[in-house]
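S.K.: Under the numbering used here, the very last position in the sequence shown is 233; numbers go up by exactly one each time.
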Amino acid sequence: MLIEAKIVEMSKSGSRDLGIQWSANYNPDSTSYYFPNSVSIGGGSSGYMVNLPVSEPAGALNLLLGSATGSLLLDVRLQALEQNGEAKIVSEPKIVTMNNQQATIESGVEFRYKVTTTDTTDVEEDSAKLSLIVTPQVTPDNNILLNVKVEKSELDFSRQVDGYPLKITRRAETYLMVKNGETTIIGGLNQKSTTASNSAVPYLSRIPLLGALFKSQSRSSNLDDLMIFITPKVIIPGS
């Protein structure tokens, strides 16, 4: 019995960022008072009163408003960025086994970590891997009954406990029947994560309606989907 597997991991990610920069400058020629005789209000050393830009924006819109005398200027710059990505990692392992005998395909890394108790410190072993376990059985009508177990585990270094990354595991087990030489698909081992962040100027961003001029937003999402294509073939000796 020949078991051919194609393991496809698809990652879809997207992010959307909105940013804003605006500055104001007020500089009348003179006032009706001896002191101060002139007044100038600007955005500070950076040139912006609100500086919440987007890193490497895909597009920007500039708007400049001014008074007829030129004493008041308002410069607004709106920035936007949207990114979409898709990646595929394909592995095509093959293994030969006998009828009713388990076949295992495994790939990954092994790691060690310390476990500290009150009196001792022990070193534990674990692994992050992708494993496929298949047990085939040929039926009297020449179909093939498959017992399939799939497990994918990986380390998430963005989330740690006591300095050690979390281990994320996805696992599935199923029974299915296919014809000799046909391909079946096992899917649905997906994981979705969404993150959101906001940057804002304190207090001013809470003003109703006008608060949008004092803050920026960032949204991102990731979807990882694992699909397994399995093709069992009966090997006839001498053929």
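Virtual Cβ for every residue (Gly too), placed ideally from N, Cα, C.
1) Report the rounded CA-to-CA distance for residue 142 versus residue 174, giving the unit in angstroms.
2) Determine whether the beta carbon atoms of residue 127 and residue 172 lie at a separation below 8 Å.
3) My output table needs one value for residue 204: the three-state DSSP class, helix, strand or coil.
4) At what residues does the beta strand (DSSP E) containing residue 156 begin and finish?
5) Measuring alpha carbon to alpha carbon, tell me which residue in 11, -5, 66, 22 is nearest residue 191.
6) Kindly identify the DSSP beta-bridge partner or partners of residue 211.
7) Output the distance between the C-alpha atoms of residue 146 and residue 203, rounded to the nearest integer angstrom.
8) Do residue 177 and residue 105 have their C-beta atoms closer together than 8 Å?
9) I'd like to know whether the C-beta atoms of residue 108 and residue 115 end up nearer to each other than 8 Å.
10) For residue 100 and residue 165, what's the separation of their Cα atoms in angstroms?
11) Go ahead and pull the three-state DSSP assignment for residue 49.
12) Looking only at its chain, what residues have a beta carbon closer than 6 Å to the beta carbon of residue 53, apart from the 5 residues adjacent to it on each side?
13) Tell me the residue span of the beta strand (DSSP E) that contains residue 234.
14) Can you tell me which of the three DSSP states residue 149 falls into?
M.R.: So, from the data block:
1) Start at 1 with the first residue of the sequence shown, and residue 142 comes out as number 148. Start at 1 with the first residue of the sequence shown, and residue 174 comes out as number 180. When rounded, the distance between both Cα atoms is 16 Å.
2) Translated into positions along the sequence shown, residue 127 becomes position 133. Translated into positions along the sequence shown, residue 172 becomes position 178. Between residue 127 and residue 172, the C-beta spacing is not below 8 Å.
3) Here residue 204 corresponds to residue number 210 of the sequence shown, with the count starting at 1. In this structure, residue 204 counts as helix in the three-state DSSP scheme.
4) Residue mapping note: residue 156 aligns to position 162 of the sequence shown, counting from 1. Taken as a continuous stretch (DSSP letters only), residue 156 belongs to no beta strand (DSSP E), as it is neither H nor E.
5) Working through the sequence shown from its first residue, we reach residue 191 at position 197. Considering only alpha carbons, the answer is 11.
6) Within the sequence shown, numbered from 1, the residue matching residue 211 stands at position 217. Beta-bridge pairing links residue 211 to 12, 192.
7) As a working mapping, residue 146 is identified with position 152 in the sequence shown. As a working mapping, residue 203 is identified with position 209 in the sequence shown. Each residue's alpha carbon lies about 47 Å from the other.
8) Here residue 177 is taken as the residue at index 183 of the sequence shown, counted from 1. Here residue 105 is taken as the residue at index 111 of the sequence shown, counted from 1. In this structure, residue 105 does not lie closer than 8 Å to residue 177 by Cβ.
9) The count along the sequence shown starts at 1 and reaches residue 108 at position 114. The count along the sequence shown starts at 1 and reaches residue 115 at position 121. Yes.
10) The residue labelled residue 100 in the question sits at position 106 within the sequence shown. The residue labelled residue 165 in the question sits at position 171 within the sequence shown. Put simply, the backbone Cα of residue 100 is about 14 Å away from that of residue 165.
11) Translated into positions along the sequence shown, residue 49 becomes position 55. DSSP places residue 49 in coil when its eight states are reduced to three.
12) Residue mapping note: residue 53 aligns to position 59 of the sequence shown, counting from 1. If we look at residue 53 and ignore the five residues flanking it on each side, its Cβ neighbours are 74.
13) This structure leaves residue 234 out entirely; the chain is present only between -5 and 233.
14) Indexing the sequence shown from 1 puts residue 149 at position 155. Residue 149: strand per DSSP, three-state reduction.
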